[in-house]
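Numbering (this note's numbering), first residue to last: 55 to 1165. Reading through the structure tokens given below for one structure.
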């Protein structure tokens, strides 16, 4: 036997449970008998008392006391969880909508291993924008959950890759007996009759001899959609607007013989931009905006409150707050069960199965818009003269053997129809005014099954425990939305749309390189450019048809009208038939992940040592992973052979792939990847001295291929010098292999905000260098590419702490403290944007050295009288001075520093960044450390049984060291320590450095009360500098340097009623309030919801009532 203080064992164990469980009613019960079982963090039987590594346990009573409706409600309250992306508005992509994940220590969802009954679970068939994978916690039914165990130091030595930050083990109720019926209703006070609704049932049977258990459960969860209008942060400064119309970019230059409709010119906004130091380029507004209204009669508005100084647009907006959500419409059915049977030889067959089906409707206001613009040519006669008439519809019809049209009366572009009267380019859109829709759906399914044999095995004189199992789990995710068919939309833009239209022109005419000077010399390269692989400005085929056909708007061919005149002028209204033909409901993503795991573990005693019996565990594992994805046909094959170039005779000589989904390319892939992993491990518990426990573990994993094999060790020790005090410490090494899709496909499309030096006109003018000090904030669309050379992540983890459980006068008190440190090397993350931009900066620096490469900035615009007019920077500086307006207008020609993978707005004098390619890299070193504190005190008197507990986590530092492209710090503002900051959203998410809670619990007879205070300390907003610098006066009046501290109070009352008729069993009635005082959320100007949704819950005061019948 091991040497211990047996008289204190029950007391210490109870104190540990008390210190690690907030608001647990179980802490009020009689001290339980201690049974040695396998605890998360070890394969050797023991108790939390024996664990040399910190393990936090949240049991079912604690889950209920927190008012949890789903597992996520438990995880989000853990102080060690930080940076999860579950809440709407948390800044990640739409794939993760409706799912939930855990992110221990903010080291990434990739770095936390989630287990079910100690077995690996398949990752959700969705990835975050940084390429992260995670197990969907929402797929785990709460009704079947017994407890959650959290190992908060590295677990790779036992569980393998992915447990870099630790492991979360959800233990299910596999031996439940009886019948429980449960109902829960929770609502946001401000939202009235909008609720979270849960109904569940669990039934369990056991044989008379206790050898057989059979459990079945089912759960239905429904969440009503809740608009941001009901959030407790919504006020007069909140602005949720959607585009109603945009005039687009008009090719109105007199040089090309065009005369723009003066009704489109917005002199007011143009003058305001000039007054704020911006460009003098004309701003255009759809004339229909001045009289247009939303469905409820609210007038459309021009511009937004938060437009950048000097860069205000003439875009027309309508309010769409009703369709921005803080809670998404969700319906989920979950089923789970277990069957266990123990044979006469004490060998147990066990099994567990689960199924979850979920539908989430993402924000959908009924509006739809293409990701990029397309070209709308002008009606015949709009552009005059040899240079400009090539921009008129049908001008090159003779090249197809047709007569050139002289009039197209139903062209929406025509002045007579209220159009701009010149060629232009703009996005394709529909759904104005907004009425709401439910086409943006995400369907997920998760299936799992576990089966195995465990028991005792006699070998010679020794008895060993064994566990042999196989588990299989699968996850699928399908995402639907409405999107524009590129080919159809481009044709309809120029009057050749509709299911019954046959253009009579030709698709292969080389219109960009005809004899003589014309407008295409200026615009061809820009209007046919490839923004990134698979996504172009406009296909050459559609413009060829538009220029060589003469049946636009005739014989079944229809025009698409992007302007608000489509709502007011029946002659140019958009046909419902046409819009249905252009705008398709598609399954844009269909992903399916599968994971099969074979585990074999044997454990037992070895020999006596100074402090007791040495024990061991050893085993092997074989994992079979398959990740499959199918993109929509609009994405793949898309347009597989679009014309890319022509030979000297004008014949197409090269083609390329173009996505036919006008929303995106590289947002969905076709792949079918397998990954098989073999592993063996060993674990020793060696009590060298009295009251000393040690853990020595070693795991070998072989991935094969470029990843190869890795060895992960762990060493841990605990020592009880006196019976009231337990000291412990651990060291481990962990690793994680890069995700399969990262290696072969790369990061999926997303967006990012960062400081871009090229967008500053003084930089483009060569007046200041392209450095961070001269950069401006930019938001851009991003995509990735395969990363075959990306390597493994590695981590060294250190933990040391103590548990003090004094007796005597302090009986019932406990104090636990654990200091921790993670040193993570080569974490796989997206490349920092400024690093990806460096090739363009280098090209710009080279081009800026040649005075012949400078043009007048005002002539880059499509409305310029003489496009790309050359200028001499030295001459202008000598004549007007270096700080003059004339010198500032002389900039480096953007055509001289174009590079692959980086695209800026065509013909724009503000150099707005459109797309940026971010690769996956191994990103330097992360050094994170801090301390966890847990205090507890329990006592009894005539008034009942009481407990007071507190959990607190402080993150001392989270430094990023030697990260390529991060030489200027997070957000390029010189900060490398993310602790107590909002992070950058890619490398690290918001990380408050102080989080804690205090929970008071009282129980007497049938009554119970729980009161919880939750606190999040203040932290810095790293977006402050760029938000302030680029903000207008309104923004500057609101932006704050830090996110204020925040605390909420939760209250719960419960009553247990025992019915006179024993057949009715007992019924627990519970009522509670979350965020009792409806605490104001800390304001964050730079976030889409005006608060940090990755940290805070914007739903405000919530009231719930629940009934649990136990029969």
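Glycine included, each C-beta is placed from N, C-alpha and C at the ideal position. Predicted model, so just to flag it, every value in this text is computed and none were measured.
Using CA coordinates, which residue listed in the options is at the minimum distance from residue i?
i, options, result
"residue 1107", "1063, 704, 859 and 239", "1063"
"residue 1045", "1061, 455, 1011 and 1136", "1011"
"residue 976", "821, 789, 372 and 913", "789"
"residue 771", "282, 1048, 786 and 778", "786"
"residue 221", "1015, 166 and 541", "166"
"residue 98", "808, 1042 and 657", "657"
"residue 248", "955, 285 and 263", "285"
"residue 686", "799, 642 and 1043", "642"
"residue 695", "550, 638, 541 and 845", "541"
"residue 561", "448, 1140 and 483", "448"
"residue 857", "588, 781 and 849", "781"
"residue 851", "845, 878, 868 and 837", "878"
What residues are listed by DSSP as bridge partners for residue i?
i, result
"residue 381", "280"
"residue 355", "371"
"residue 1097", "1073"
"residue 1103", "1067"
"residue 95", "For residue 95, which the question treats as bridged, DSSP gives no partner whatsoever."
"residue 612", "551"
"residue 220", "166"
"residue 732", "676 and 756"
"residue 888", "Beta-bridge pairing links residue 888 to no other residue."
"residue 54", "Only positions 55 to 1165 of the chain appear in the structure, and residue 54 is not among them; the question remains open."
"residue 809", "831"
Suppose contacts are defined by Cβ-Cβ distances below 9 Å. Is residue i in contact with residue j by that definition?
i, j, result
"residue 539", "residue 635", "yes"
"residue 596", "residue 548", "yes"
"residue 678", "residue 741", "no"
"residue 1146", "residue 1129", "no"
"residue 433", "residue 468", "yes"
"residue 1038", "residue 875", "no"
"residue 647", "residue 529", "yes"
"residue 180", "residue 153", "yes"
"residue 885", "residue 972", "yes"
"residue 446", "residue 313", "no"
"residue 1", "residue 1165", "For the chain, the structure presents residues 55 to 1165; residue 1 sits outside this window and is missing."
"residue 450", "residue 565", "yes"
"residue 1036", "residue 985", "no"
"residue 1121", "residue 1110", "yes"
"residue 195", "residue 382", "no"
"residue 535", "residue 640", "yes"
"residue 736", "residue 654", "no"
"residue 191", "residue 126", "yes"
"residue 384", "residue 290", "no"
"residue 1029", "residue 1074", "yes"
"residue 607", "residue 463", "yes"
"residue 711", "residue 691", "yes"
"residue 273", "residue 257", "no"
Would you be able to state if there are at least three C-beta pairs under 8 Å between the segment 119-136 and the segment 992-1010? Short answer: they touch.
Three or more beta-carbon pairs under 8 Å between the segment 398-410 and the segment 200-215, yes or no? With the rule of 3 Cβ pairs closer than 8 Å, the segment 398-410 does not count as touching the segment 200-215.
Runs of beta strand (DSSP E) lying entirely within the segment 488-572, each at least 3 residues, in chain order: For the segment 488-572, whole beta strand (DSSP E) runs of length 3 or above, ordered along the chain, are 495-513 and 516-538.
Answer yes if the segment 938-952 comes into contact with the segment 904-913, meaning at least three C-beta pairs across the two stretches below 8 Å, and no otherwise. With a cut-off of 8 Å, the segment 938-952 and the segment 904-913 count as touching, because enough Cβ pairs lie within range.
Going along the chain, which unbroken runs of the beta strand (DSSP E) with 3 or more residues stay wholly within the segment 456-488? Assignment of beta strand (DSSP E) within the segment 456-488, counting only whole runs of 3 or more residues, yields 478-484 in chain order.
With contact counted as at least three CB pairs below 8 Å, one residue from each stretch, are the segment 365-379 and the segment 329-340 in contact? Yes, since at least three Cβ pairs between the segment 365-379 and the segment 329-340 fall closer than 8 Å, the two stretches touch.
Touching by the beta-carbon criterion (3+ pairs, under 8 Å), the segment 749-764 and the segment 829-836: No: the two stretches stay apart, fewer than three of their Cβ pairs being nearer than 8 Å.
Could you pull out every unbroken beta strand (DSSP E) segment of at least 3 residues lying fully inside the segment 986-1039, listed in chain order? Correct list: 998-1015.
Enumerated in chain order, which unbroken segments of the beta strand (DSSP E) with a length of 3 residues or greater are wholly contained in the segment 622-692? Qualifying beta strand (DSSP E) stretches, in chain order: 637-663 and 666-685.
Ignoring anything shorter than 3 residues or poking outside the segment 1036-1070, list the beta strand (DSSP E) runs there in chain order. Secondary structure in the segment 1036-1070: the beta strand (DSSP E) runs of 3 residues or longer, each lying completely within the stretch, are 1048-1058 and 1061-1070 in chain order.
3-residue-minimum beta strand (DSSP E) runs that sit fully inside the segment 703-727, ordered along the chain: With a minimum length of 3 residues, the continuous beta strand (DSSP E) runs that stay inside the segment 703-727 are 706-712.
Answer yes if the segment 303-310 comes into contact with the segment 914-921, meaning at least three C-beta pairs across the two stretches below 8 Å, and no otherwise. The answer is yes - the segment 303-310 touches the segment 914-921, with three or more Cβ pairs under 8 Å.
At which residue ranges does the segment 410-442 contain complete alpha helix (DSSP H) runs of 4 or more residues, listed in the order of the chain? Qualifying alpha helix (DSSP H) stretches, in chain order: 439-442.
Is there contact between the segment 952-968 and the segment 1012-1029, where contact requires at least three CB pairs shorter than 8 Å? The segment 952-968 is not in contact with the segment 1012-1029.
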